[in-house]
Structures are given as structure tokens and as C-alpha cells.
Amino acid sequence: MIDTNHISKIDNTESIRTRLVDMVNSSGNAVAEDTRPLEVRRREETAQYQDKENKKQLENELRELSKKLNDEMKRVGTDLNFSYNENIPGLKVTVKESNSDKVIREIPSKEAIELMKRMREVIGVIFDKQG
65 MIDTNHISKI DNTESIRTRL VDMVNSSGNA VAEDTRPLEV RRREETAQYQ
115 DKENKKQLEN ELRELSKKLN DEMKRVGTDL NFSYNENIPG LKVTVKESNS
165 DKVIREIPSK EAIELMKRMR EVIGVIFDKQ G
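The opening residue of the sequence shown carries number 65 in the numbering used here; numbering runs sequentially from there.
What follows is the structure, given as C-alpha cells:
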């Protein structure tokens, strides 16, 4: 016959051990207690880490793409410049006069980039985190 009392004590001990490990891991951090199950928190942390890694990879790919595009534009003699802009985050295209460095047009414009930057700041304040 199975002693359900004994099984209950084992489950309780395991729960206490898990809570102690969580407390040790978060010691020194002044944060509200997270009552979600450990598995849910770990999945969310993994997803957040993957999002950060994907963002870094995308930024690197965009920077590399802009270098390749600039090299190709130089090869064909066109005065288009591609660059990665961290404020939007995305590619920016600059069109210059061929015989001078005078900027004819920027896509998106400086004003549009500044507007996007400010909108991100406002959204960050509204949701209490920077996006």
C-alpha cells in the first residue's frame, strides 16, 4: 500500500527546495515576488533571450547588407549610401550629388527618424520599458 502522506511530504520538500533555489538566485535583487510556476518563467526567459539574440543577428545582417550595397553602388558609380540606423532600427538611404558630397535626400528623413525615436521613448514610458 502506498503511503500518500509520504508522497505528499516528498512533493512539499521538492517545492520548498525549488523556492529556496529561486530565493538564492534572486538574492540582492529588489523585485516583487514572481508567483508564476518555474517552468513558465524559464520559458519566458528563454524566449526573451532568443528575442535579444535574434535582434542582434538582424542588426548584424543589416549592417553587413548595407556594406555590400555600398560596395555595389560604388562599383556602378551611383551616389547612394546605405547605413544602419540604431534609432529606427533599420536601414537609411542617403542620396548625394555625384560631383559633391551635398545630400540631396535621406530616406527616411532626419525628421522622420527623430519622430520614430521620440515615439519609441513615449511608448517606453507608457509601458514602463524601453522597446
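C-beta: ideal position from N, C-alpha, C; glycine also.
On a predicted model such as this, the values are computed, not experimentally measured, just so you know.
Check	Outcome
For Q112 and V104, I'd like the C-alpha separation in whole angstroms.	12 Å
Rounded C-beta distance between Y148 and R127? I'm assuming under 8 Å.	5 Å
Pick from R106, P153, E109: whose alpha carbon is nearest that of Q121?	P153
Just tell me which of V167, M87, L155, I168 has its CA closest to the CA of S130.	L155
Could you give the residue range of the alpha helix (DSSP H) that holds R100?	Segment: none, R100 is in no alpha helix (DSSP H) and carries neither H nor E.
Can you tell me the Cβ-Cβ gap for S162 and D143, rounded? I've got them flagged as a contact below 8 Å.	5 Å
Are N145 and M180 closer than 8 Å when you measure CB to CB?	no
Kindly list the residues whose CB is nearer than 7 Å to the CB of I168, restricted to its own chain and excluding five residues on each side of it in sequence; keep chain order.	V159, K160, E161
Would you check if the distance between the CB atom of L102 and the CB atom of D86 is smaller than 8 Å?	yes
Since I177 and V157 are thought to touch, with beta carbons under 8 Å apart, how far apart are those beta carbons, to the nearest angstrom?	Rounded, the Cβ-Cβ distance is 12 Å, inconsistent with contact.
Residue ranges of each beta strand (DSSP E) run of no fewer than 3 residues wholly in the region 105-140, ordered along the chain?	none
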